[in-house]
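*Asks:* Counting along the sequence shown from 1, when you hit position 206 you're at 205 in numbering that gives the first Met the number 0, and nothing is skipped either side.
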Amino acid sequence: MRGSLDITASDFFCGAGGSTTGMIAIPGVRVSAASNHWDKAIETHQYNHQHTEHILADLSQITPKLFPRTTIGWFSPECTWHSNARGAKRLAAQISLLSDDLPSEAAERSRATMWDVVRFTEYHRYELVFVENVVEIYSWPLYRPWIAAMHALGYEHRLICLNSMHSWTFGTPAPQSRDRLYVCFWKAGNRAPDFETVVRPPATCSRCGPVRALQAWKNPGVAVGKYRSQYSYRCPARACADTVLEPDWLPASTIIDWTKTGQRIGDRTRPLKPKTIARIQAGIDRYWAAPHAEDAREAAGTLFEYRQARSRPSEGRAPVFEPFVSVLRGQSKNHRTSEALSTVSAGGRHHAVITPFIAELRGGGSTARSVSDALCTVTASGNHHGLVVPAAAHHRKSTRRPIAVEDLSFRMLDVPELKGAMGFASTYVLRGGTKQRNVRMCGNAVTPPTSRDIVGVGVQSLSR
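1. Measuring CA to CA, which of A240, F409, S341 and T70 is closest to L4?
2. Which of the three DSSP states is assigned to W287 in this structure?
3. Determine the contact status of T120 and G72, defining contact as a CB-CB distance below 8 Å.
4. By alpha-carbon positions, which one of M411, S369 and A339 ends up nearest to H350?
5. Just to confirm the assignment: which complete alpha helix (DSSP H) runs, minimum length 4, are found wholly within the stretch 436 to 461?
6. Please name the residue in D452, T449 and L429 whose C-alpha comes closest to that of C441.
7. Using 8 Å as the threshold, is the C-beta distance between V454 and V28 below it?
8. Put Q229 into one of helix, strand or coil per three-state DSSP.
9. Quick one: is K64 buried, meaning 16 or more other Cβ sit within 10 Å of its Cβ, or exposed?
10. Tell me which same chain residues have a C-beta within less than 6 Å of the C-beta of D294, skipping the five on either side of it?
11. Looking only at its own chain, which residues have a Cβ that is under 6 Å from the Cβ of G265, when we skip the five neighbours before and after it?
12. Would you mind stating whether M164 and A339 have Cβ atoms separated by less than 8 Å?
13. Please give the ranges of any alpha helix (DSSP H) in the stretch 127 to 215, keeping only runs that are unbroken, at least 4 residues long and fully inside the region.
14. Along the chain, where does the alpha helix (DSSP H) that runs through V475 open and close?
15. CA-CA distance, W114 and W145?
16. Measure from the alpha carbon of G21 to the alpha carbon of each residue in C375, V198, L386 and H48, then state which is nearest.
17. Can you have a look at Q175 and say buried or exposed, based on whether 16 or more other CB atoms are within 10 angstroms of its CB?
18. Identify, in the order they occur along the chain, each residue of the same chain with its Cβ nearer than 7 Å to the Cβ of H156, setting aside the five sequence neighbours on each side.
19. Taking Q214 as the reference, which of V445, V243 and V388 has the closest Cα?
20. I'd like to know whether the C-beta atoms of I536 and V198 end up nearer to each other than 8 Å.
21. Does DSSP classify G261 as helix, strand or coil?
22. For T51, collect the residues of the same chain with a Cβ closer than 6 Å to its Cβ; drop the 5 residues on either side in sequence, then sort them by chain order.
23. With distance defined between alpha-carbon atoms, name the residue in V326, V223, N189 and V370 nearest to K274.
24. Within the continuous alpha helix (DSSP H) that includes D10, where are the two ends?
25. Which of helix, strand or coil does DSSP assign to L386?
26. D372 lies in the beta strand (DSSP E); which residues open and close that run?
27. Would you mind sorting A403 into buried or exposed? The rule is 16 or more other CB atoms within 10 Å of its CB.
28. What are the boundary residues of the alpha helix (DSSP H) that includes S18?
29. Which residue wins for smallest C-alpha separation from G17, given the options L461, R267, T449 and R368?
30. Let me know the secondary structure DSSP gives G14 once reduced to three states.
31. CA-CA distance, A238 and E77?
32. I'd like to check one pair, A202 with E245: are the Cβ atoms closer than 8 Å?
33. Nearest-angstrom Cα distance between D284 and E131?
34. How about L158: is its Cβ closer than 7 Å to a heavy atom in the ligand NAP?
35. Can you tell me where the beta strand (DSSP E) with H53 in it begins and where it stops?
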């Protein structure tokens, strides 16, 4: 990529600045203007991006004339009422949703922000337009008329379904499993960006070795959906095209502060809820039911020995009591800390670290996740990730003895950890004023590595 170009961008619905942070990581790109309706988000964005013009406004109530002309328009319209995380019903296909309802006019207000993309693009005629939203936006009844409006303005488009833990094109990804849909527009007649590179993460095939994996859709006629649910990754070689691959990822263990062990569950003055206990027990059953020893000789009576998980579980020996994250919400499961974190939501308070595993403290079928996996999605509604740790006595006990939940240490993941799970640098400052607001900023943000990769490929098409 040539870095001599001066590419300007406007970041609409900018939030805490994840999309801006990713865009300016591309040489030659600068964000001229950023706008949001939440004062705390603007305060945070302004603190971290002081050379950007900031406009505190409700975008649907403001004229595009107030914004400078830029090469790129990045839009992250409100996704609340398109997402599985709210209590509204879609007209096209009913979704089981989890949070409190808002008045119907709020739902319409949320959906109306999608039309601001058309309105601002009509006025500014950006070379590139990027729209980030939840995958469910594809089932919005007005999605196709919305796309048609952009085509009428002279744009072509491509849909990109990408999980944040697979954003490897121009750097490392976020250690979080977070599915989003990116609608990418470019002016008809311009060179089409090579977005295929964005959806080709590195992976290792047992036969071919290191490869760039291919997206393989379960229903090729509808290439929209979420990783594992609607698509997987395959080896690009024809000889092993049916081989399912797991792309590389960054583990949740990379963002966990291991100096904070939490409180022994049996010593808590406020007992954990039965559902939380059940999720922790599910993590124990999944990850600690038998020792993860290298051979049968070690399988009996092996002592606990902590080792931070590496990015790929095949590297080195896993500890007997491997850390995992329990997500206390939704359909999520327990996950290793060597896996990516599940989605971080704006409400936060969903990720409990039961060192060594993450308890996923949100409804449905989700229970626990290893710290060797990516974290599950961080959402706006609360912190669902809890860290579970064996108490000191268990570090010395034989694995033949059963582990009691009350003997484990437990704590929720903190804001710096959730910020790291989103892909923000440790030096990035959130100025929400309260923990709840800062968690909300994390859950509502775009993961910087993803905006970096998508915009980076778009810029390449302009620099040829």
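The beta carbon of each residue, even a glycine, is placed where N, CA and C say it ideally should be.
*Replies:* Taking the geometry as given:
1. Working through the sequence shown from its first residue, we reach residue 4 at position 5. The alpha carbon of L4 has as its nearest neighbour, out of A240, F409, S341 and T70, the alpha carbon of T70.
2. Taking the sequence shown and counting its residues from 1, the one referred to as residue 287 is at position 288. Note: W287 maps to coil in three-state DSSP.
3. Here residue 120 refers to the residue found at position 121 of the sequence shown. Here residue 72 refers to the residue found at position 73 of the sequence shown. Yes; because the gap between Cβ atoms is below 8 Å, this pair is in contact.
4. Stepping through the sequence shown from its first residue, residue 350 is reached at position 351. When each option's Cα is compared against that of H350, the closest is M411.
5. DSSP assignment within the stretch 436 to 461 yields the following whole alpha helix (DSSP H) runs of 4 residues or more, N-terminal first: 447 to 461.
6. Against the sequence shown, residue 441 aligns to sequence position 442. Taking C441 as reference, the option from D452, T449 and L429 with the minimal CA-CA separation is L429.
7. Counting from 1 along the sequence shown, the entry for residue 454 is found at position 455. Counting from 1 along the sequence shown, the entry for residue 28 is found at position 29. Yes. Within cutoff.
8. As a working note, residue 229 is residue 230 in the sequence shown. In this structure, Q229 counts as coil in the three-state DSSP scheme.
9. Along the sequence shown, read from residue 1 onward, the residue named residue 64 stands at position 65. It is exposed - the Cβ of K64 has fewer than 16 other Cβ atoms within 10 Å.
10. Position 295 of the sequence shown, counting from 1, holds the residue named residue 294. Confidence in D294 is poor, its pLDDT being 35 and thus under 50, which makes the residue's placement too unreliable to answer from.
11. Here residue 265 refers to the residue found at position 266 of the sequence shown. Cβ within range, chain order: E405.
12. By 1-based counting over the sequence shown, the position of residue 164 is 165. By 1-based counting over the sequence shown, the position of residue 339 is 340. Between M164 and A339, the C-beta spacing is below 8 Å.
13. Fully enclosed alpha helix (DSSP H) runs of 4 or longer: 142 to 151.
14. Given that the chain is displayed from residue 0 to residue 463, the structure contains no residue 475 and the question cannot be resolved.
15. By one-based count along the sequence shown, residue 114 stands at place 115. By one-based count along the sequence shown, residue 145 stands at place 146. CA-CA distance, W114 to W145, rounds to 7 Å.
16. Here the question's residue 21 lines up with position 22 in the sequence shown. By alpha-carbon distance to G21, the top candidate from C375, V198, L386 and H48 is H48.
17. As a working mapping, residue 175 is identified with position 176 in the sequence shown. Answer is buried; the Cβ neighbour count reaches 16.
18. The sequence position of residue 156 within the sequence shown is 157, counting from 1. Within the same chain, I146, M149, V182, C183 and F184 come within 7 Å of H156 by CB-CB distance, once the 5 residues on both sides are set aside.
19. In the sequence shown, counting from the first residue as 1, residue 214 sits at position 215. Nearest option by C-alpha distance: V243.
20. Since the first and last residues shown for the chain are 0 and 463, residue 536 lies out of range.
21. In the sequence shown, counting from the first residue as 1, residue 261 sits at position 262. Three-state DSSP puts G261 in coil, outside helix and strand.
22. Stepping through the sequence shown from its first residue, residue 51 is reached at position 52. Excluding sequence positions up to five before and after T51, its CB lies within less than 6 Å of the CB of V30 and A33, all in the same chain and listed in chain order.
23. Residue 274 sits at position 275 when you count from the first residue of the sequence shown. Ranked by how close their Cα comes to the Cα of K274, the residues V326, V223, N189 and V370 have V326 in first place.
24. To locate residue 10, count along the sequence shown from 1; it is residue 11. Note, D10: premise wrong, no alpha helix (DSSP H); beta strand (DSSP E) at I6 to F11.
25. Residue 386 sits at position 387 when you count from the first residue of the sequence shown. Three-state result, L386: strand.
26. Here residue 372 refers to the residue found at position 373 of the sequence shown. Annotation for D372: the continuous beta strand (DSSP E) segment containing it runs R368 to T378.
27. The count along the sequence shown starts at 1 and reaches residue 403 at position 404. Exposed, since its Cβ has fewer than 16 Cβ neighbours within 10 Å.
28. Position 19 of the sequence shown holds residue 18. Element bounds for S18: G17 to M22.
29. Start at 1 with the first residue of the sequence shown, and residue 17 comes out as number 18. Measuring from the Cα of G17, the nearest candidate turns out to be T449.
30. For the purposes of this step, residue 14 is taken as residue 15 along the sequence shown, with counting starting at 1. Correct three-state label for G14: coil.
31. By one-based count along the sequence shown, residue 238 stands at place 239. By one-based count along the sequence shown, residue 77 stands at place 78. Straight-line spacing of the CA atoms in A238 and E77 works out to 44 Å.
32. On the sequence shown, position 246 is the one that residue 245 refers to. On the sequence shown, position 203 is the one that residue 202 refers to. Annotated as proximal: E245 and A202, with beta-carbon spacing under 8 Å.
33. Taking the first residue of the sequence shown as position 1, residue 284 is located at position 285. Taking the first residue of the sequence shown as position 1, residue 131 is located at position 132. Cα-Cα distance, rounded: 38 Å.
34. Looking at this structure, you won't find the ligand NAP or any other ligand, since it has none at all.
35. As a first step, residue 53 is located in the sequence shown; it is residue number 54 there, counting from the start. Run containing H53: E52 to L55, per the beta strand (DSSP E) assignment.
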